[in-house]
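**Student:** Heads up: the sequence shown is residues 2 to 634, going by our numbering.
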Amino acid sequence: MRYADIHARSLTDPNGFWMDQAEAIDWFRKPSKALFDENAPLYEWFSDGMVNTCWNAVDRHVEAGHGERVAIIHDSPVTHTKHWITYAELRDRVASLAGALRARGVEKGDRVVIYMPMVPEALEAMLACARIGAVHSVVFGGFAAPELAKRINDARPRAVIAASCGIEPGRVVHYKPLLDEAIETAAHKPDFCVIFQRDQEVAKLIEGRDLDWHAFQYGVTPAECVPVEGNHPAYILYTSGTTGQPKGVVRHTGGHLVALKWTMKNIYGVEPGEVFWSASDVGWVVGHSYICYAPLIHGATTIVFEGKPVGTPDAGTFWRVIAEHGVVSFFTAPTAFRAIKREDPEGRHLGDHDISSLRCLFLAGERADPDTIAWAHEKLEVPVVDHWWQTETGWAIAANPMGLQPLPVKPGSPSVPMPGYDVQVLGEDGAPLPQGELGAIAIRLPLPPGTLPTLWKAEERFRKSYLSTFPGYYETGDAGYIDKDGYIYIMARTDDVINVAGHRLSTGAMEEVLASHPDVGECAVIGMTDPLKGQVPLGFLCLNNGVTRAPEDVIAECVALVREKIGPVAAFRQAVVVDRLPKTRSGKILRAVMTKIADGQPWTMPATIDDPAILDEIAAALKAIGRPGNAAG
Ligand code: COA
Ligand code: AMP
């Protein structure tokens with residue numbers, strides 16, 4: 002069947018289409034139907050099936066005789082080590098860890114927070130939770146203690162699994178003190194912590210609370226896979242919204258398995274036993290879906306890469322990994338390619354490695370600029386496929402289905418909607434806009450399996466954030482248009498979320514931190530265009546009356562404060578001090594206009610502006626830090 006027929010069937014006969022796809026999953030009890038729409042506009046998939054993610058990702062491949070197949074390759078240029086773990090070894094390791102968690106009282110439905118760098122043990126911890134029906138919540142290592150504490154308070158985990166440290170080029174990230182600080186400040190206290198001690202740093206354990214990863218598993222009975230309902234939460238993953246309180250995206254088990262399995266062959270063109278590599282981090286949704294779950298559910302080999310595109314040790318690292326491990330399909334963020342291109346514009350490093358195993362490159366996480374796509378295509382000589390998705394959806398909303406029917410690539414577009422996604426462009430009144438017109442991108446409900454059914458313990462917030470603006474639709478928060486061939490173009494966010502080096506961040510969260518500085522009276526944060534990272538945050542600070550300190554000192558303290566409260570990943574390095582912020586007469590800060598001035602884009606004077614002269618002051622402040630700061634056009 003071709004793409005167009007499959008997409009059409011997924012919308013006209015969702016039950017039939019997804020029940021067919023569910024055949025690729027092992028169920029303890031098959032679901033009676035795919036779509037559960039009794040509580041519309043809240044939808045669920047495969048709710049009455051009984052299933053286990055770990056069984057499907059690990060055990061069943063061993064049972065099928067593939068125990069000797071490599072499941073995980075850990076390639077770590079930052080520690081100069083490489084390890085290979087077969088499916089049989091993975092099953093034993095995960096069963097042992099799951100048994101140890103269970104022996105300490107972790108049961109189906111209990112939450113477990115995982116705070117780990119790019120080591121196979123992070124995947125083992127996720128799979129061990131899945132094995133016993135515990136709900137994991139992985140926190141990205143680049144977040145600081147207060148962000149970890151927020152997630153601990155919201156998820157209320159029975160246990161935390163962490164590593165002693167992570168390794169960033171040039172520095173060791175001390176995870177354990179960050180974890181200790183987070184638990185100390187959090188209102189919720191986990192019963193215990195399991196610490197994976199790395200050779201690079203052995204952390205001090207707190208007696209009575211912390212357990213050593215190995216010692217804790219000694220002598221335990223390995224756990225079997227516990228059947229859970231199709232609508233049992235597989236995990237919670239926190240993502241940035243418009244406020245400082247992150248949103249706990251929930252993923253249900255059944256739909257997650259069915260959707261991810263479908264994508265491996267149909268989108269990524271991978272066969273079981275082949276090597277698939279996603280160079281992201283387990284702390285992000287891409288890492289959940291495409292470092293851990295999808296490749297393993299499919300019986301492929303996944304690579305856990307602990308390094309960077311450049312500097313570990315050079316801009317040829319990606320090519321080395323592809324060549325050495327025979328990667329057939331590779332997934333990363335455009336920013337990684339911009340980093341490589343900047344260091345090695347001629348692609349000289351490619352000459353040192355035979356990357357002929359590679360069939361396709363997939364990009365996501367931020368807008369893929371046509372220049373980067375063209376460079377990657379020219380140098381790698383394989384199709385370069387941009388695809389669009391979000392933490393909320395867990396898999397691609399729009400892509401080019403390379404394993405099903407490769408469609409012509411249009412640079413600048415992540416191509417066409419995937420099964421179950423009825424993508425529409427809506428105007429402010431909620432009515433669909435004509436072809437080619439820019440508007441809010443929304444998806445007609447229901448969303449397909451594998452997408453978020455709700456937010457953790459926050460159904461009202463879920464409805465308000467995603468379902469209320471356009472009744473009957475899921476609001477993506479992205480703006481764009483659809484062309485005459487049905488190709489989607491993603492142009493910008495409609496909210497205060499920015500995308501820094503493929504990392505999704507909330508300007509609202511940064512503003513909350515800046516406002517807590519004693520000298521800051523008012524502030525705003527925007528995302529300005531950056532040639533490497535796509536966007537970087539910029540702060541505008543209005544100091545309190547009577548503050549006589551040098552602005553540079555306040556700025557330096559604010560930069561340090563954001564790093565301390567949110568983490569290095571915020572990449573908040575620049576701020577300017579201004580007298581006033583431009584606002585509408587009703588007091589709304591005009592961030593969009595400030596962004597346009599910072600980026601040198603044409604802008605028009607908003608009719609509702611309170612005092613137009615403030616924009617001249619903003620433009621002057623931006624010019625002073627080397628930004629275009631252009632006048633209205
Ligand atoms: N743990 C702790 N700190 C981390 C971290 C982690 N897992 N990941 C990043 N950081 C830190 C970095 O060390 C850096 O700290 P610094 O301010 O001390 O230098 C800071 O967070 C900002 O990191 P980043 O924005 O990634 O910038 P960078 O200059 O270190 O690297 C790139 C730039 C382009 C090489 C890098 O961003 C990259 O590889 N991006 C790929 C993006 C990606 O995979 N996204 C996932 C979504 S698909
Ligand atoms: P995250 O939830 O971290 O995956 O971030 C999701 C957001 O990243 C989307 O809502 C988009 O704004 C942006 N994004 C992801 N992929 C793409 C893409 N291929 N093109 C444009 N923007 C993208």
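Glycine residues also receive a C-beta, built at the ideal position from the N, C-alpha and C atoms.
Predicted, not measured: the structure shown is a model, and the values here were computed from it.
1. Which of the three DSSP states, helix, strand or coil, is assigned to C226?
2. With distances taken from CA atoms, which of V305, E225 and E45 is nearest I74?
3. Which complete alpha helix (DSSP H) runs does the segment 458-499 hold, if anything under 4 residues is left out?
4. Short of 7 Å in beta carbon distance, which residues of its chain neighbour A104, apart from the five on each side in sequence? Order them along the chain.
5. Do the CB positions of H518 and L562 come within less than 9 Å of each other?
6. Taking the Cβ atom as the reference point for each residue, do G1 and R159 lie within a distance shorter than 9 Å?
7. Between V95, M127 and A123, which has its C-alpha nearest R199's C-alpha?
8. For the segment 422-437 and the segment 375-387, state whether three or more C-beta atom pairs, one from each stretch, are separated by less than 8 Å.
9. How far does the alpha helix (DSSP H) with Q22 in it extend, from its first residue to its last?
10. May I have the straight-line CA-CA distance separating E185 from E208, to the nearest angstrom?
11. Would you kindly work out how many angstroms separate the C-alpha atoms of I374 and P412, rounded to a whole number?
12. With distances taken between CB atoms, is the gap from W390 to V251 smaller than 9 Å?
13. Check whether the Cβ of A365 sits closer than 8 Å to any heavy atom of the ligand AMP, and report yes or no.
14. Quick check: A129 and L102, are their CB atoms within less than 9 Å of each other?
15. Compare the beta carbon distance of G630 and G601 with 9 Å and say whether it is the shorter of the two.
16. By the DSSP assignment, the beta strand (DSSP E) with F306 in it spans what residues?
17. Considering only heavy atoms of the ligand AMP, does any lie closer than 8 Å to the CB of V113?
18. Classify V286 as helix, strand or coil using the three-state DSSP reduction.
19. Just to confirm, are S165 and G308 a CB contact at a threshold of 9 Å?
20. If we ignore side chains and look at the alpha-carbon of each, how far apart do K190 and L180 end up?
21. Can you find the residues in the same chain that come closer than 7 Å, C-beta to C-beta, to R343, ignoring five residues on each side of it along the sequence?
22. For the putative contact between H84 and P121, defined by C-beta atoms under 8 Å, what is the C-beta separation to the nearest angstrom?
23. What first and last residue would you give for the alpha helix (DSSP H) that runs through C559?
24. Just the Cα atoms here: how many angstroms apart are I15 and K584?
25. Which ranges does the beta strand (DSSP E) cover as unbroken runs of at least 3 residues, wholly within the segment 143-175, from first to last along the chain?
**Tutor:** Reading off the structure:
1. In the structure shown, C226 sits in coil (DSSP, three-state: anything other than H, G, I, E or B).
2. Just measuring C-alpha positions, the residue of V305, E225 and E45 sitting nearest I74 is V305.
3. Segments of the alpha helix (DSSP H) lying fully in the segment 458-499: 460-463.
4. Excluding sequence neighbours, A104 sits near V221.
5. Between H518 and L562, the C-beta spacing is below 9 Å.
6. Given that the chain is displayed from residue 2 to residue 634, the structure contains no residue 1 and the question cannot be resolved.
7. That would be A123, whose Cα lies nearest to the Cα of R199.
8. Touching, no.
9. Per DSSP, the continuous alpha helix (DSSP H) segment holding Q22 begins and ends at P15 to A23.
10. Answer to the nearest angstrom: the Cα atoms are 15 Å apart.
11. Those two C-alpha atoms are separated by around 7 Å.
12. At a Cβ-Cβ threshold of 9 Å, W390 and V251 do not count as neighbours.
13. Within 8 Å of the C-beta of A365 there is at least one heavy atom belonging to the ligand AMP.
14. Yes.
15. In contact: G630 and G601 (Cβ atoms closer than 9 Å).
16. Looking at the DSSP string, the run of the beta strand (DSSP E) that includes F306 is T302 to F306.
17. It does not: the Cβ of V113 is nowhere closer than 8 Å to a heavy atom of the ligand AMP.
18. Three-state DSSP puts V286 in a helix.
19. Remark: C-beta atoms of S165 and G308 do not approach each other more closely than 9 Å.
20. Distance from the CA of K190 to the CA of L180, rounded to the nearest whole angstrom, comes to 11 Å.
21. Once the five neighbours on either side are set aside, the close Cβ partners of R343 are L533.
22. About 7 Å separates the two Cβ atoms, so the contact holds.
23. C559 -> alpha helix (DSSP H) spans P552 to K566.
24. At residue 15 the sequence reads Pro, which differs from the Ile that was named. P15 and K584: Cα-Cα distance of roughly 46 Å.
25. Taken in chain order, the complete beta strand (DSSP E) segments of 3 residues or longer contained in the segment 143-175 are 160-164, 166-169 and 172-175.
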